[in-house]
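Per UniProt numbering, the sequence shown starts with residue 1, numbered consecutively.
Every residue, glycine too, gets a C-beta built ideally from N, C-alpha and C.
Have a look at the structure below before the remarks.
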Amino acid sequence: MVVPYMAFVMWLDFVTYLNHHGHDDKIPWYRGKEWSYLRGGLTTIDRDYGWINNIHHDIRTHVIHHLFPQIPHY
Numbered sequence: 001m002v003v004p005y006m007a008f009v010m011w012l013d014f015v016t017y018l019n020h021h022g023h024d025d026k027i028p029w030y031r032g033k034e035w036s037y038l039r040g041g042l043t044t045i046d047r048d049y050g051w052i053n054n055i056h057h058d059i060r061t062h063v064i065h066h067l068f069p070q071i072p073h074y
């Protein structure tokens, strides 16, 4: 039971990391008073994961989810 749980947690962490960090993308990083909820939400990324999108219902609404949290992002 531990192995499936750990696989799920690692998958969730991996997808979350990719949606908040970019390797080649120039994503601004705001600190202190220059950070706001809006700026934080607009600096996330909608990524195309190819066939893996089917697992996440092809939703691709990560940026919108940060602006309107009631909209799910799988």
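Classify residue i: buried if its beta carbon has 16 or more other beta carbons within 10 angstroms, exposed otherwise.
i   : result
T44 : buried
H65 : buried
I62 : Reading the sequence as shown, one finds His at residue 62 and not Ile. Burial call: buried.
State the Cα-Cα distance for the pair residue i and residue j, rounded to the nearest angstrom.
i          : j   : result
R47        : W29 : 19 Å
L42        : L18 : 15 Å
S36        : W51 : 34 Å
N49        : F8  : First, the residue type needs correcting, since residue 49 is Tyr and not Asn in the sequence shown. Rounded to whole angstroms, Y49 to F8 spans 17 Å at the Cα level.
K33        : R39 : 11 Å
L67        : M6  : 30 Å
H57        : M10 : 19 Å
residue 80 : F14 : The requested residue 80 does not occur in the structure, where the chain is confined to residues 1 to 74.
V3         : P72 : 27 Å
Which one of the options has the shortest CA to CA distance from residue i?
i   : options       : result
L12 : I71, I55, G50 : I55
R60 : G32, T16, K26 : T16
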